[in-house]
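Chain order of the listed sequences is A and P.
Under full-length UniProt numbering, the first residue of the first sequence is numbered 1, with each subsequent residue one higher.
Under full-length UniProt numbering, the first residue of the second sequence is numbered 1, with each subsequent residue one higher.
Glycine is no exception: its CB is placed at the ideal position from the N, C-alpha and C atoms.
There are 2 protein chains.
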Amino acid sequence: MSHQRVLVYGGKGALGSALVQSFKSRGYWVLSVGDNEKADAFVSVPKECSTIQDQEKHVLSEVARKLPEGGKLVGILCVAGGWAGGNASKDTMVASADLMMRQSVWPALIAARLAALHLAPTGLLQFTGAAAAVSGTPGMIGYGLAKAAVHQLTASLAGTKSGLPSGATVIALLPATLDTPMNRKWMPKADVSGWTSLSWISDLLHSFVSNPESRPESGTLIKLETANGETTTVFSKI
Amino acid sequence: MSHQRVLVYGGKGALGSALVQSFKSRGYWVLSVGDNEKADAFVSVPKECSTIQDQEKHVLSEVARKLPEGGKLVGILCVAGGWAGGNASKDTMVASADLMMRQSVWPALIAARLAALHLAPTGLLQFTGAAAAVSGTPGMIGYGLAKAAVHQLTASLAGTKSGLPSGATVIALLPATLDTPMNRKWMPKADVSGWTSLSWISDLLHSFVSNPESRPESGTLIKLETANGETTTVFSKI
């Protein structure tokens, strides 16, 4: 089972880097979308890709070039994302929503195309949603809207004739707050015992990738609830 | 009560044109976003607005210029939209999703900004979602994702501190198929008795705009179900 291949979309970020290292340490061949020198290969996403079509074209061609001939991916883990607040009274609201679509919806859509092209028949496609976005998010309008789009995409891709391999599983993780260096920096007084650790997520995703039996049904939104340093999962669907 | 003001976002389309004419005939002053000579005033959305920020800047400044000094809108009816199919195996899926975001999410976000700036204290902001997008839409991935984003936006704007006037109501209509000339052209053999008429929607929205008591709770998604030429509403929330 060595040298199975996974792709981490957003391998430059905190969670993405943790996933690259975790899968590497378990013997996987890891391709990162987003600069990451520790991956076996990576694809840069240049800033000059100003449209989603440009970005798709670049990522699709580079991934095809870096994947070993005929190589299928057992997992595509899309953890690219970002956060921005703002309600409708802010004159930055539309710009923030645009940024959230670029940071969350664009990678998810391109990852869906990668899955249609390169995912193994029983592979895993994982997206990153947000626990808050299953209902309204008045103080972070763009963020909630972009994550809700990702949740619905998860349901679409789990449906019949979605264009993914028929035995594949699509899920979204819905974290609240991740325990990242950035979050510790910006919320120095927060109670981190309610934050979800990156290694916990890495372990969960390794289990899902390596053992299809351990996965919930395709289309499941997996809310991550962490309290007193313990994380539990709550399954739902849209 | 004459000369109350409404804005129709997407007043160039079939439903938008019907709304412009309906509200005009009832004595309202109507501003259309989208070319419509029958409105009291209209704002063109030039094709050269290639980013949502450009489009927002243009629409916000033009609407402010065309609204009578200090004039508030009792209704902002956002019916701009479009449709495109395609599952993840289509090499046009990402381009279609981009188009759907431009046609459905951009207008909704800009309408939300217009509401924050110009909606009367007990005004109505209406969006257009889609009945199908409350669950997965594997054969029309971009369409479902964009409409799901609009549904979540509806919930966000109905929340406290969303930036809208506190007495305003935000709803989304979720049609299945509208009885438009375009749909009759493209689906000539369909049973149109299951399609929702534009005049029925115009009457419903006039009732909601003119009589706040007739509205469902803010944040409601209103599914339109038409059978044998009769339309009924089903209320839900995300």
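Asked	Found
Under 7 angstroms from the C-beta of SER162/A: neighbouring residues of chain D	Among the protein chains of the structure shown, namely A and P, there is no chain D.
Residues of its chain near PRO165/P, where Cβ-Cβ distance is below 6 angstroms and the 5 sequence neighbours each way are ignored	LEU119 and PRO121
Distance between GLY70/P and ASP54/A (C-alpha atoms, nearest Å)	43 angstroms
Straight-line Cα distance separating GLY13/A from ALA158/A	27 angstroms
Check whether LYS147/A and GLY167/A have beta carbons under 8 angstroms apart	no
Near-chain A residues of the stretch 36-61 of chain P - C-beta to any C-beta below 8 angstroms	THR51, ILE52, GLN53 and GLU56
Interface residues of chain A facing SER214/P [CB-CB closer than 9 angstroms]	Per Cβ cutoff of 9 angstroms: no residues; SER214/P is ~23 angstroms from chain A at best.
For LYS185/P and GLY139/A, the rounded distance between their alpha carbons	43 angstroms
Residues that THR170/A bridges to, as DSSP identifies them	Per the sequence shown, the amino acid found at residue 170/A is Val instead of Thr. LEU125/A, per the DSSP bridge assignment.
Boundaries (first-last residue) of the beta strand (DSSP E) holding ARG41/A	Note on residue identity: the sequence assigns Ala, not Arg, to residue 41/A. It spans 41-43 - the beta strand (DSSP E) in which ALA41/A sits, taken as one unbroken run.
8 angstroms Cβ cutoff met for LEU224/P and LEU77/P	no
N- and C-terminal bounds of the alpha helix (DSSP H) containing TYR143/P	141-158
Sequence-distant residues of the same chain with beta carbon closer than 6 angstroms to ALA176/A, five excluded per side	ALA131
Residue-chain proximity (VAL234/A, chain P), Cβ-Cβ < 8 angstroms	no
Neighbour-count burial assignment, HIS3/P, 16 or more Cβ in a 10 Å radius	exposed
Inter-residue spacing [alpha-carbon to alpha-carbon] between residue 239/P and PHE235/P	Residue 239/P lies beyond the residue range present for chain P, which begins at 1 and ends at 238; the question has no answer from this structure.
Assumed close pair GLY142/A, MET100/A - CB separation to whole angstroms, cut-off 8 angstroms	4 angstroms
Stretch-stretch touch, CB-based, cutoff 8 angstroms, three pairs: the stretch 189-204 of chain P with the stretch 9-23 of chain P	yes
Pair within 8 angstroms by beta-carbon distance, VAL209/A and VAL94/A	no
is_contact[ILE141/A, chain P] using C-beta, thresh 8 angstroms	yes
Neighbourhood of CYS49/P by C-beta, 8 angstroms cutoff - its chain only, sequence neighbours within 5 removed	GLN55 and HIS58
Proximity test, Cβ basis, 8 angstroms: GLY81/A and chain P	no
Buried/exposed call for ASP35/P, threshold 16 Cβ in 10 Å	exposed
Local conformation of SER2/A per DSSP, three classes	Any reading at SER2/A must be qualified, since the residue scores a pLDDT of 48, below 50, and its modelled position is unreliable; no value is offered.
Collapsed DSSP secondary structure at LEU114/P in the structure displayed	helix
VAL192/P: contacting residues in chain A (beta-carbon distance under 7 angstroms)	What VAL192/P touches in chain A: nothing, since even the nearest Cβ is about 27 angstroms away.
Assigned secondary structure, ILE52/A (DSSP; H/G/I helix, E/B strand, else coil)	helix
Integer Cβ distance of GLY144/A from ALA133/A, believed to fall under 8 angstroms	4 angstroms
8 angstroms Cβ cutoff, MET93/P in contact with chain A	yes
ALA227/A, buried or exposed, once every other Cβ within 10 Å from all chains shown has been counted against 16	exposed
Distance, LEU125/P Cα to ALA108/P Cα	10 angstroms
Of the residues ILE238/A, LEU117/A, ASP191/A and VAL105/A, the one placed nearest ALA64/A, counting alpha carbons only	LEU117/A
Nearest-angstrom Cβ-Cβ length linking GLY219/P and VAL170/P, presumed shorter than 8 angstroms	6 angstroms
Short-range partners of chain P found in the stretch 157-183 of chain A, where Cβ spacing is below 9 angstroms	LEU157, ALA158, GLY159, THR160, LYS161, SER162, GLY163 and LEU164
Length of the line joining the Cα atoms of ASP98/A and VAL105/P	10 angstroms
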